[in-house]
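1 is the number of the first residue of the sequence shown in my numbering; add one for each residue after it.
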Amino acid sequence: MGELYEARAWELREMLRRREVSAVEILRAVRERVREVEERVRSYITLTLDEAERAALEADAALAEGRDPGPAAGIPMAVKDVLCTRGILTTCGSRILENYVPVYDATVIGRLRRDGLTMVGKANMDEFAMGSSTENSAFGPTRNPWDLERVPGGSSGGSAAAVAAGEAIWALGSDTGGSIRQPASFCGLVGLKPTYGLVSRFGLVAFASSLDQVGPITRDVRDCALLLSLIAGHDPRDSTSLQVEVPDYLKAMEGGIEGMRVGVPRELMQEGLTPGVRECMERCLAIFQELGAEVEEAGLPHLDYALSAYYIIAPAEASSNLARYDGVRYGLRVEGEDMLEMYGKTRARGFGAEVKRRIMLGTYALSAGYYEAYYGQAQKVRTLILGDFRKAFERYDVLVSPTSPTPAFRLGEKVEDPLAMYLSDVCTIPVNLAGIPAVSIPCGLEDGLPVGLQIMGKVLDEATLLRVARAMEEAIGFRERPPAGRGVG
Ligand code: GLN
């Protein structure tokens with residue numbers, strides 16, 4: 001292990017327990033790192049270092065008395081600014097919430113607080129989680145720690161960049177169509193989108209409620225399993241939360257993958273993959289075989305329509321969810337002659353271009369006369385996609401694909417072309433539509449930029465997912481770090 005700020009959470013946890021390091025020392029190392037690189041990377045919208053300091057002191061006091069301070073204690077975390085944090089600004093990357101201070105914690109935050117949460121800050125993101133590059137943040141873009149001219153991915157780009165740059169040890173993101181996995185892949189990290197309903201959405205600012213999930217962004221699979229086990233589980237305050245036992249993911253992670261059946265959806269290996277991504281995939285498939293798994297091409301024909309269905313369903317839900325920002329209840333208010341004018345001015349000033357585009361798309365798709373043709377049709381496609389996955393999982397334990405067709409692109413490269421931006425999530429979106437879990441792990445480099453392998457699993461089978469991810473992580477042996485010079489190494 002090098003510097004403290006580069007360590008994995010589980011390593012730090014063991015060191016803390018053995019009293020080889022104190023929580024305050026770990027936080028100091030991360031704080032120094034923030035001071036050094038934040039100006040260049042811009043991972044955070046709000047820093048909460050004073051609160052983190054208090055949490056670290058508490059952790060150290062508990063340890064000194066021989067008490068367990070909790071599994072998250074003293075491990076600096078970045079939290080995507082889409083999760084409500086009591087008494088701490090929660091902007092969602094939007095002007096319309098630029099002064100919004102929640103009076104309550106999201107359930108995942110409440111749980112982590114009980115486990116000793118040491119939060120460095122609220123991480124930057126695309127406005128309302130709409131985007132794939134973090135360029136849609138009202139507070140300016142985050143940069144990729146591997147190459148400061150490139151995007152970190154999105155919408156959880158701040159969370160991923162913070163971890164990759166050493167400004168946090170681990171992070172929480174949210175994923176509606178790829179927003180955990182794609183930035184994890186662009187930043188050389190592990191990112192997991194849980195089964196829909198496994199992690200509470202209470203206090204997660206809604207984008208598309210039938211697709212949104214909170215999940216971990218970490219440096220390795222063990223940390224991912226650990227953080228998932230801390231946030232998963234039933235929550236009576238989220239009506240879509242599943243009443244299930246949460247397995248021991250750390251234990252489930254071990255055991256290898258010999259004899260497993262791995263399917264490769266042909267629809268996710270089509271045109272648009274860069275040569276490096278294709279090469280990495282081929283190497284991964286060979287490794288699967290070396291580890292004793294059976295690899296086979298699979299056909300999930302309706303995945304070809306996933307992107308189109310998503311860009312009806314997600315904006316439709318968003319247009320309805322975002323109706324609440326009216327200048328009355330939350331955040332920004334711009335006065336007008338009458339109430340309607342006030343609504344209009346508030347929303348015109350408060351929302352950015354992409355959010356407005358989604359609201360218009362969604363409102364149109366839901367309007368009388370078009371509802372069946374667009375929204376109804378998209379829901380039918382969604383059912384067909386779910387059916388494809390169900391059938392595939394009768395035959396395969398997991399399915400694999402690239403996480404994104406390309407490594408991190410340049411800042412500004414796709415801002416003028418929404419369709420090109422949307423295509424960045426072509427491999428991740430089907431997973432959200434089907435509600436299944438998927439994880440991205442780093443599997444190689446193309447021109448010095450990380451490439452991600454996506455592993456998709458059966459509903460609530462995070463255990464198998466993590467087991468495959470762990471075995472592949474070990475066999476791939478990805479050890480690269482952001483370089484100095486073009487990155488923040
Ligand atoms: N990039 C996709 C979108 O813009 C997915 C975003 C997300 O997962 N939150 O909708």
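For each residue, glycine too, the CB sits at the ideal point set by N, CA and C.
Being a predicted model, the structure only gives us computed values, none of them experimental.
Pick from the options that is closest to residue i, judged by C-alpha positions
i, options, result
"K414", "T134, A232 and I359", "T134"
"A309", "Y374, S137, P102 and V41", "Y374"
"E254", "E462, A434 and T118", "E462"
"L466", "D212, R222, L449 and V120", "R222"
"A318", "L285, M360 and I217", "M360"
"P183", "C224, S132, R479 and P315", "S132"
"V24", "G412, E149, V120 and V244", "V120"
"L228", "R479, L453, P437 and G2", "P437"
"V400", "D425, E297 and Y364", "E297"
"R314", "A408, G177 and P442", "The sequence shown places Ala at residue 314, not Arg. Comparing Cα positions, the closest option is G177."
"R95", "V30, G158, F128 and P482", "F128"
"V381", "L366, L449 and L307", "L307"
"R349", "I312, R358, E335 and G299", "E335"
"E98", "V82, V108, Q289 and A55", "V82"
"V264", "A293, S239, L423 and R486", "A293"
"P247", "P236, T240, I231 and G259", "I231"
"P69", "R40, K80, V101 and E14", "E14"
"P405", "A64, G153 and A29", "G153"
"G507", "S155, P407 and R486", "There is simply no residue 507 to check, as the chain begins at 1 and stops at 489 in what is shown."
"G331", "D115, L285, G166 and G93", "G93"
"P145", "G327, S185 and R67", "S185"
"I312", "Q213, F139 and R357", "R357"
"A206", "R54, V328 and D175", "D175"
Span of the beta strand (DSSP E), counted from its first residue to its last, around residue i
i, result
"A438", "A438 to E446"
"W170", "W170 to D175"
"V262", "R261 to P265"
"L242", "Segment: none, L242 is in no beta strand (DSSP E) and carries neither H nor E."
"T46", "Y44 to L47"
"V295", "E294 to A298"
Residue i (DSSP reduced to helix, strand or coil)
i, result
"R410", "strand"
"E335", "coil"
"Q213", "strand"
"V101", "coil"
"E232", "Reading the sequence as shown, one finds Ala at residue 232 and not Glu. Residue state, collapsed to three classes: strand."
"I180", "coil"
"T118", "strand"
"L465", "helix"
"I75", "coil"
"L27", "helix"
"V381", "helix"
"I88", "strand"
"T134", "coil"
Opposing strand residues paired with residue i [DSSP bridges]
i, result
"L453", "P402 and I441"
"K80", "A123"
"L192", "V439"
"D147", "N144"
"V199", "A232"
"L564", "This structure leaves residue 564 out entirely; the chain is present only between 1 and 489."
"T346", "DSSP lists no partner for T346."
"T107", "The partner list for T107 (beta bridge, DSSP) is empty, contrary to what the question assumes."
Cβ-Cβ separation, residue j to residue i (assumed contact under 8 Å), whole Å
i, j, result
"L27", "P76", "6 Å"
"T118", "G74", "6 Å"
"G276", "E446", "3 Å"
"R219", "V199", "Not confirmed; about 20 Å, so no contact."
"V459", "T85", "Going by Cβ atoms, the distance from V459 to T85 rounds to 30 Å, so no, they are not a contact pair."
"G87", "N124", "About 20 Å; that fails the 8 Å criterion."
"G188", "P483", "Their Cβ separation, rounded to whole angstroms, is 11 Å, which puts G188 and P483 out of contact at 8 Å."
"V439", "C224", "7 Å"
"V431", "M456", "6 Å"
Element boundaries [alpha helix (DSSP H), containing residue i]
i, result
"N432", "I429 to A434"
"P275", "P275 to E290"
"G157", "G157 to A165"
"K458", "Neither: K458 is in no alpha helix (DSSP H) and is coded neither H nor E."
"M421", "P418 to L423"
"L250", "Y249 to A252"
"S319", "A306 to N321"
"Y364", "A353 to L366"
"L4", "Note, L4: premise wrong, no alpha helix (DSSP H); not H, not E."
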